[in-house]
Amino acid sequence: MSSQVSWWVFGMMSVVLILNLEFSVVEGGASEETKIHIVYLGEREHNDPELVTASHLRMLESLLGSQKDANEFMVHSYRHGFSGFAAHLTDSQAKKISEHPDVVQVTPNTFYEPQTTRAFEYLGLSQSSPKGLLHDANMGEDVIIGILDSGVWPESPSFSDKGLGPIPKRWKGTCVDGAKFDSKKHCNKKLIGARYYMDSLFKNNRTDSGIADTEYMSAREVFAHGSHVASTAAGAFVPDVSDNGLGVGTARGGAPKARIAMYKVCWQTQDGSCASADILKAMDDAIADGVDVISISLGSAIPISREIDISNVFSYGAFHAVSKGITVLMAGGNFGPDAYSVQNIAPWIITVAATSLDRWYPKPLTLGNNVTLLARTPSVDPELQAELIYVDSSKEMTSEAAGKIVLGFTTAENGESATDFLNKQMEVQAAGVILAGRRSDKMIVSEGLINLNIDYQQGTTILNYIKSTNKPTITVSPSIALTGPLVATKVAEFSGRGPNSVSPYVLKPDIAAPGVSIVAACTPEKINYENGYTAMSGTSMAAPAVAGVVALLKAVHPDWSPAMLKSAIITTASSTDPYGEPIYSEGLSRKLADPFDFGGGLVNPEKAANPGLVYDADVQDYIRFLCASSYDEMSITKISKQTVKCPSPRPSMLDLNLPSITIPFLKEDVTLTRTVTNVGPVDSVYKLIVQPPMGVKISVTPQTLVFNSGVKKLSYQVTVSTTHKANSIYFFGSLTWTDGIHNVVIPLSIRTQMVKYFDQ
Numbered sequence: 001m002s003s004q005v006s007w008w009v010f011g012m013m014s015v016v017l018i019l020n021l022e023f024s025v026v027e028g029g030a031s032e033e034t035k036i037h038i039v040y041l042g043e044r045e046h047n048d049p050e051l052v053t054a055s056h057l058r059m060l061e062s063l064l065g066s067q068k069d070a071n072e073f074m075v076h077s078y079r080h081g082f083s084g085f086a087a088h089l090t091d092s093q094a095k096k097i098s099e100h101p102d103v104v105q106v107t108p109n110t111f112y113e114p115q116t117t118r119a120f121e122y123l124g125l126s127q128s129s130p131k132g133l134l135h136d137a138n139m140g141e142d143v144i145i146g147i148l149d150s151g152v153w154p155e156s157p158s159f160s161d162k163g164l165g166p167i168p169k170r171w172k173g174t175c176v177d178g179a180k181f182d183s184k185k186h187c188n189k190k191l192i193g194a195r196y197y198m199d200s201l202f203k204n205n206r207t208d209s210g211i212a213d214t215e216y217m218s219a220r221e222v223f224a225h226g227s228h229v230a231s232t233a234a235g236a237f238v239p240d241v242s243d244n245g246l247g248v249g250t251a252r253g254g255a256p257k258a259r260i261a262m263y264k265v266c267w268q269t270q271d272g273s274c275a276s277a278d279i280l281k282a283m284d285d286a287i288a289d290g291v292d293v294i295s296i297s298l299g300s301a302i303p304i305s306r307e308i309d310i311s312n313v314f315s316y317g318a319f320h321a322v323s324k325g326i327t328v329l330m331a332g333g334n335f336g337p338d339a340y341s342v343q344n345i346a347p348w349i350i351t352v353a354a355t356s357l358d359r360w361y362p363k364p365l366t367l368g369n370n371v372t373l374l375a376r377t378p379s380v381d382p383e384l385q386a387e388l389i390y391v392d393s394s395k396e397m398t399s400e401a402a403g404k405i406v407l408g409f410t411t412a413e414n415g416e417s418a419t420d421f422l423n424k425q426m427e428v429q430a431a432g433v434i435l436a437g438r439r440s441d442k443m444i445v446s447e448g449l450i451n452l453n454i455d456y457q458q459g460t461t462i463l464n465y466i467k468s469t470n471k472p473t474i475t476v477s478p479s480i481a482l483t484g485p486l487v488a489t490k491v492a493e494f495s496g497r498g499p500n501s502v503s504p505y506v507l508k509p510d511i512a513a514p515g516v517s518i519v520a521a522c523t524p525e526k527i528n529y530e531n532g533y534t535a536m537s538g539t540s541m542a543a544p545a546v547a548g549v550v551a552l553l554k555a556v557h558p559d560w561s562p563a564m565l566k567s568a569i570i571t572t573a574s575s576t577d578p579y580g581e582p583i584y585s586e587g588l589s590r591k592l593a594d595p596f597d598f599g600g601g602l603v604n605p606e607k608a609a610n611p612g613l614v615y616d617a618d619v620q621d622y623i624r625f626l627c628a629s630s631y632d633e634m635s636i637t638k639i640s641k642q643t644v645k646c647p648s649p650r651p652s653m654l655d656l657n658l659p660s661i662t663i664p665f666l667k668e669d670v671t672l673t674r675t676v677t678n679v680g681p682v683d684s685v686y687k688l689i690v691q692p693p694m695g696v697k698i699s700v701t702p703q704t705l706v707f708n709s710g711v712k713k714l715s716y717q718v719t720v721s722t723t724h725k726a727n728s729i730y731f732f733g734s735l736t737w738t739d740g741i742h743n744v745v746i747p748l749s750i751r752t753q754m755v756k757y758f759d760q
């Protein structure tokens, strides 16, 4: 890191979309630059992948005029889970091929970037327990998790295969050799697959990719992100791991015996990191390889594309994966806490928010008057004693700060960012900085400067002390560890928030899991992380945590569909932490968390294994959803390769069988339907409990559900009406079916809109 201070939200990275401009061709007398375009054709017409690729080449040949050009310009053929290809095309060629009757959509290649010693004990998955989900699932052995990320550091102890049985026979994937990656040496019974994708980063002459010289042309990574994600999902048990000496414990993944297949799609480059054409190819391969779960900790930019806009490659790829029984989990993005900031919003994806743990490493600050306060810090530093000085952040920097610890106040209105303030103090060689502002999980990392974060009240206390004495002093002690019920759980400030900006009737995020200061594997070669492990924060860390839980559930319930697994996780989630305390939402001000912060709540693995009832859905349900979303019938037909005739009038978006009810535009009474499937005791009776949102009336028919050997599925109708006379904000409630043992809870999120699309 340079001497300048840089923002680092503990491993979270902002997303930049950049078009990949490439070489020039002459067409129609004018020179046009080409770039890689993705041509999406929907579901495959042939089961034989070779026939699928041949059809792609024929289509490209008809456009370019020769078989030679078709082979040269083709980048990827998507031929396993769905049909399509990536190719070097000019804009006019892309427009022309988009008019082909078999083409669903064409989009330019775009770029994305990536967005534990205690996390799973916190969630109730204890290794020491002789029974429970971890035991029943045999720790996820034989479940295969596909990770799309920046690669893997295979030597990490987290990827040891000690104690694992043979690789599942259904596995069809491979490990690909490359720079410092020997498939025979580096793959094993834990890391059973390792592929890498970089073709769409190269220009047509195949010599300039923009990839940094420090990168490995293989599945080996330099980022540290991919290893961290993979070990969070399925890392083996590794004792005596810590974050710079704090929080010593055993690192492990959610499913410690699950198998890992790494698909490296992210690279260190000048323009971007993860190319959409490569991501789509990796998803296509993962489907063919035989993964059970796909975890993706990547995100798109705001505004979010529609579910079947080909620029949203995650949604397209996930649709085909889910249709083949593969559960897809994705990070909810790190653009919070603003409303509508959640990403990866398709209803067939499990979208994950990030919470904190019951663990905090504050630094005690002891003033010269013996008053001690606790501060947040992104780094571990030794004890320091120094003079204190207050510097008005709106004024010029002063040399008086040299060798002292500087107190400053930051606000959104003071005209100067916290980063600028820190840079100024570094220039005058201050010993450290105490920044007083609102509490945040967004921390600033600075090299050679102790950086401490406190709130305004604490800052005022320190300022009053400075004013009270001629020579104010402070002692900054080493960080201490606080663990347990004293530490409140909160949805992280950075975590993407609902409502869903594309399909407001679909609740997002779906679920929350720990994603703050998660300790997991990294790449020790490039970064000075202790013993190859470090703490990172982001929804990137939360998504693989839930992927590990899904792997355990898949091991116990191999016949459950992705929608059933999703339902089990959401309907059993908790709105309180493991100690029964409320979960808060961190932002401009702290509030109680609601469904737009954490979906169903904090994931509860043990309860998810035995949910009682589930809300199932299949491809036909999603096709009806696409009809309800006003997609044209031809596009839906091409995607599914089914002749789709949407009913008239179009179905209601409210009737998609989700484990939630979200009504963004309630004016007159509406009635919707949900269907539940009994996965508990055959003979069961469930009673209704409703907690209606403020100003909303909920009527449910029937109010009792009776299941037996002949009745495994039952539907119920919900009528919703409002008592509000004007446009309202969203109010929240819940609808619960209970048999006295199982509580099957779905969140309600309802907004009255007397004047639609008018926000007062």
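The numbering of the sequence shown is UniProt numbering, which starts it at 1 and goes up by one.
Idealized CB from N, CA, C, for every residue including glycine.
DSSP bridge partner residues for residue i (one or two, in chain order)
{"i": "lysine 264", "result": "Asp149 and Tyr196"}
{"i": "histidine 225", "result": "Paired residues: none, contrary to the question."}
{"i": "cysteine 522", "result": "Note: cysteine 522 sits in no beta bridge, so no partner."}
{"i": "serine 734", "result": "Gln691 and Pro747"}
{"i": "proline 514", "result": "Thr355"}
{"i": "phenylalanine 409", "result": "Ala436"}
{"i": "asparagine 678", "result": "Leu613"}
{"i": "tyrosine 631", "result": "Note: tyrosine 631 sits in no beta bridge, so no partner."}
{"i": "asparagine 708", "result": "Val711"}
Pair within 8 Å by beta-carbon distance, residue i and residue j
{"i": "threonine 232", "j": "alanine 520", "result": "yes"}
{"i": "leucine 613", "j": "valine 679", "result": "yes"}
{"i": "valine 491", "j": "alanine 353", "result": "yes"}
{"i": "glycine 333", "j": "glutamine 343", "result": "yes"}
{"i": "aspartate 577", "j": "arginine 497", "result": "no"}
{"i": "isoleucine 661", "j": "leucine 748", "result": "yes"}
{"i": "valine 718", "j": "threonine 677", "result": "no"}
{"i": "glycine 81", "j": "leucine 41", "result": "no"}
{"i": "leucine 123", "j": "valine 603", "result": "yes"}
{"i": "threonine 675", "j": "glycine 515", "result": "no"}
{"i": "valine 696", "j": "valine 720", "result": "yes"}
{"i": "tyrosine 579", "j": "proline 485", "result": "yes"}
{"i": "glycine 325", "j": "methionine 283", "result": "no"}
{"i": "leucine 374", "j": "isoleucine 350", "result": "no"}
{"i": "proline 154", "j": "lysine 189", "result": "no"}
Supposed contact pair residue j and residue i - C-beta distance, whole angstroms, cut 8 Å
{"i": "alanine 234", "j": "isoleucine 192", "result": "That pair is no contact at about 11 Å."}
{"i": "glycine 548", "j": "isoleucine 570", "result": "That pair is no contact at about 17 Å."}
{"i": "leucine 666", "j": "threonine 722", "result": "5 Å"}
{"i": "proline 544", "j": "serine 295", "result": "5 Å"}
{"i": "arginine 376", "j": "proline 362", "result": "6 Å"}
{"i": "threonine 327", "j": "valine 619", "result": "Wrong, their Cβ atoms sit about 14 Å apart, outside the cutoff."}
{"i": "tyrosine 465", "j": "asparagine 369", "result": "6 Å"}
Where residue i falls, given that 16 or more other Cβ within 10 Å makes a residue buried
{"i": "methionine 1", "result": "Residue confidence is low: methionine 1 scores 34 on pLDDT, short of 50, so the model does not pin down where it sits. No coordinate-derived value is stated."}
{"i": "valine 222", "result": "buried"}
{"i": "glycine 140", "result": "buried"}
{"i": "leucine 482", "result": "exposed"}
{"i": "leucine 588", "result": "exposed"}
{"i": "valine 745", "result": "buried"}
{"i": "histidine 135", "result": "exposed"}
{"i": "tyrosine 716", "result": "buried"}
{"i": "isoleucine 38", "result": "buried"}
{"i": "histidine 46", "result": "exposed"}
Residues near residue i in its chain [Cβ-Cβ closer than 6 Å; skip 5 each side]
{"i": "valine 428", "result": "Met397, Ser399, Ala401 and Ala402"}
{"i": "lysine 607", "result": "Thr572"}
{"i": "valine 682", "result": "Ser709"}
{"i": "phenylalanine 181", "result": "Ser218, Ala219 and Arg220"}
{"i": "cysteine 274", "result": "Tyr112, Val265, Cys266 and Leu298"}
{"i": "serine 183", "result": "Cys175 and Asp177"}
{"i": "aspartate 243", "result": "Val519 and Ala535"}
Contact test: residue i Cβ vs the ligand SAH heavy atom, cutoff 7 Å
{"i": "tyrosine 615", "result": "No copy of the ligand SAH appears in this structure; indeed no ligand is present at all."}
Cβ neighbours of residue i in the same chain (closer than 8 Å, five flanking residues each side left out)
{"i": "isoleucine 623", "result": "Ile636, Ser640, Gln642 and Val644"}
Same chain, Cβ closer than 7 Å to residue i, five either side skipped, listed in chain order
{"i": "valine 487", "result": "Asp358, Arg359 and Trp360"}
Residue-level contact to chain D via CB, residue i, 8 Å cutoff
{"i": "arginine 79", "result": "Among the chains of the structure shown, chain D does not appear; only one protein chain is present."}
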